[in-house]
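Worksheet: one structure, shown below.
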Amino acid sequence: QKEVEQNSGPLSVPEGAIASLNCTYSDRGSQSFFWYRQYSGKSPELIMSIYSNGDKEDGRFTAQLNKASQYVSLLIRDSQPSDSATYLCAVIQGAQKLVFGQGTRLTINP
Amino acid sequence: DTGVSQDPRHKITKRGQNVTFRCDPISEHNRLYWYRQTLGQGPEFLTYFQNEAQLEKSRLLSDRFSAERPKGSFSTLEIQRTEQGDSAMYLCASSWTSGYQETQYFGPGTRLLVL
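These protein sequence lines are chains A and B, in that order.
If you're matching positions, the first sequence starts at 1 in the numbering used here and goes up one per residue.
If you're matching positions, the second sequence starts at 1001 in the numbering used here and goes up one per residue.
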């Protein structure tokens, strides 16, 4: 079992719809969770961090965390073509290092 | 621009050559990380520094790899006797630790191609 698992996609969503990205992790002791966006050929860019169970909203983005189910999700409302990218879920392992999933490729269709 | 910077952005080398990459973190950040990313995969942790001390190294970091962070400022990652399997994007990230909530910010990366 991989430490952080994501569906690699591609996930195709029409413009204006809600995109839902999911991630599961194996280390039940994990406390810090992150979503990064990565455009092709570029480096990861932080979108959201979440540390507590429940929802955290920032503009069009909502991160959801369920530690009991070891599940993190990212919702993107009113999806725009500029949201087309690979979305990386990451978990802090041990005290410091990020462990990433393989990423989900999202395409927003105009 | 006060973000993380990396140099060079691209490097093409021949197998067996040595290469060195540089990372300049965000100035007030005390932690610096190196990751490697291959096509279609998420970044993988290589090593990290807190100030000038190298505190953890991944099993991915073979003895051909060495990293330094003199004086707790910039960091270098050297790969000796490069192999084709070293071709990847090398990412540097930095963070400031204050309690358990820590956010890592990535630089633009150095893309290495070993021929």
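Where is the CB? At the ideal position from N, CA and C, for every residue including glycine.
Name the one or two DSSP bridge partners that I76(A) has. The count along the first sequence starts at 1 and reaches residue 76(A) at position 76. According to DSSP, I76(A) shares a beta bridge with A19(A), F61(A).
Would a C-beta distance cut-off of 8 Å place F1106(B) and R1022(B) closer than the cut-off? Reading the second sequence from its first residue, position 106 is the one you call residue 1106(B). Reading the second sequence from its first residue, position 22 is the one you call residue 1022(B). No.
Taking only beta-carbon positions, decide if Y1090(B) is within less than 8 Å of chain A. Working through the second sequence from its first residue, we reach residue 1090(B) at position 90. It does not; no Cβ of chain A falls within 8 Å.
Between Q93(A), I76(A), Q96(A), L88(A), which has its C-alpha nearest E15(A)'s C-alpha? Position 15 of the first sequence holds residue 15(A). When each option's Cα is compared against that of E15(A), the closest is I76(A).
Quick one, are the C-beta atoms of K1011(B) and L1077(B) less than 8 Å apart? What you label residue 1011(B) is simply residue 11 of the second sequence in a count that begins at 1. What you label residue 1077(B) is simply residue 77 of the second sequence in a count that begins at 1. Result no, Cβ atoms of K1011(B) and L1077(B) do not sit closer than 8 Å.
Counting only beta-carbon separations shorter than 8 Å, does E1052(B) have a partner in chain A? Residue mapping note: residue 1052(B) aligns to position 52 of the second sequence, counting from 1. Not closer than 8 Å to any Cβ of chain A, the Cβ of E1052(B) fails to qualify, so no.
Close-in-space but distant-in-sequence residues of the same chain around V1019(B) (CB under 8 Å, 5 per side omitted): Within the second sequence, numbered from 1, the residue matching residue 1019(B) stands at position 19. Cβ neighbours of V1019(B) within its own chain (closer than 8 Å, five residues either side excluded): K1011, T1013, E1078, I1079, T1082, L1112.
Indicate whether at least one CB of chain B lies closer than 8 Å to the CB of S30(A). Residue mapping note: residue 30(A) aligns to position 30 of the first sequence, counting from 1. No, its Cβ sits nowhere closer than 8 Å to a Cβ of chain B.
Alpha-carbon to alpha-carbon, Y25(A) and E5(A): In the first sequence, residue 5(A) corresponds to position 5, counting from 1. In the first sequence, residue 25(A) corresponds to position 25, counting from 1. The alpha-carbon atoms of E5(A) and Y25(A) are separated by roughly 6 Å.
Starting from W1096(B) and walking both ways along the beta strand (DSSP E), at which residues does that stretch end? Taking the first residue of the second sequence as position 1, residue 1096(B) is located at position 96. Under the DSSP assignment, W1096(B) falls outside any beta strand (DSSP E); it carries neither an H nor an E label.
With 16 other CB atoms within 10 Å as the buried threshold, where does L52(A) fall? On the first sequence, position 52 is the one that residue 52(A) refers to. Checking the sequence shown, residue 52(A) turns out to be Ser, not Leu. Within 10 angstroms of the beta-carbon of S52(A) lie fewer than 16 other beta-carbons, which makes it exposed.
Under 9 Å by beta carbon: chain B residues contacting Q102(A): In the first sequence, the residue the question calls residue 102(A) occupies position 102. Near Q102(A) (Cβ distances below 9 Å), the residues of chain B are G1040, Q1041, G1042.
Less than 8 Å between the C-beta atoms of G1008(B) and S43(A), yes or no? Numbered from its first residue, the second sequence carries residue 1008(B) at position 8. Numbered from its first residue, the first sequence carries residue 43(A) at position 43. Sequence check: residue 1008(B) is Pro here, not Gly. For P1008(B) and S43(A), no; Cβs fall outside 8 Å.
Is the shortest distance between the beta-carbon of G1072(B) and the beta-carbons of chain A less than 8 Å? Here residue 1072(B) corresponds to residue number 72 of the second sequence, with the count starting at 1. Contact with chain A is absent for G1072(B), since none of that chain's Cβ atoms lies less than 8 Å from the residue's Cβ.
C-beta neighbour in chain A for E1056(B), strict 8 Å: If you number the second sequence from 1, residue 1056(B) lands on position 56. By this cut-off, E1056(B) is an interface position.
For K2(A), does the three-state DSSP call read helix, strand or coil? Along the first sequence, read from residue 1 onward, the residue named residue 2(A) stands at position 2. The answer is coil: DSSP assigns K2(A) none of H, G, I, E or B.
In chain B, what lies closer than 8 Å to P44(A) by C-beta? In the first sequence, the residue the question calls residue 44(A) occupies position 44. The contacting residues are P1043, L1091, F1106.
Sub-8 Å separation of L11(A) and A17(A) beta-carbons: On the first sequence, position 11 is the one that residue 11(A) refers to. On the first sequence, position 17 is the one that residue 17(A) refers to. At a Cβ-Cβ threshold of 8 Å, L11(A) and A17(A) do not count as neighbours.
Residue from S1058(B), P1070(B), E1044(B), H1029(B) with nearest C-alpha to S1098(B): By one-based count along the second sequence, residue 1098(B) stands at place 98. Relative to S1098(B), the option among S1058(B), P1070(B), E1044(B), H1029(B) whose CA is nearest is H1029(B).
Where does G54(A) sit, in a helix, a strand or coil, going by DSSP? Within the first sequence, numbered from 1, the residue matching residue 54(A) stands at position 54. It is a strand residue.
Would you check if the region 56-76 of chain A and the region 94-101 of chain A touch, i.e. whether three or more CB-CB distances between them fall below 8 Å? Counting C-beta pairs closer than 8 Å gives fewer than three between the region 94-101 of chain A and the region 56-76 of chain A, which falls short of the contact rule.
Can you tell me whether G1040(B) is buried or exposed, with buried defined as 16 or more other CB within 10 angstroms of its CB? The residue labelled residue 1040(B) in the question sits at position 40 within the second sequence. The residue in question, G1040(B), is exposed, as its Cβ has fewer than 16 Cβ neighbours within 10 Å.
Can you pull the chain A residues whose beta carbon is under 8 Å from the beta carbon of Q1101(B), in chain order? Counting from 1 along the second sequence, the entry for residue 1101(B) is found at position 101. Listed by position along chain A, the residues whose Cβ is nearer than 8 Å to that of Q1101(B) are S32, S49, Y51.
Please confirm if G1085(B) has its CB atom under 8 Å from at least one CB of chain A. For this step, residue 1085(B) is matched to residue 85 along the second sequence. Look at G1085(B): its C-beta is not under 8 Å from any C-beta on chain A.
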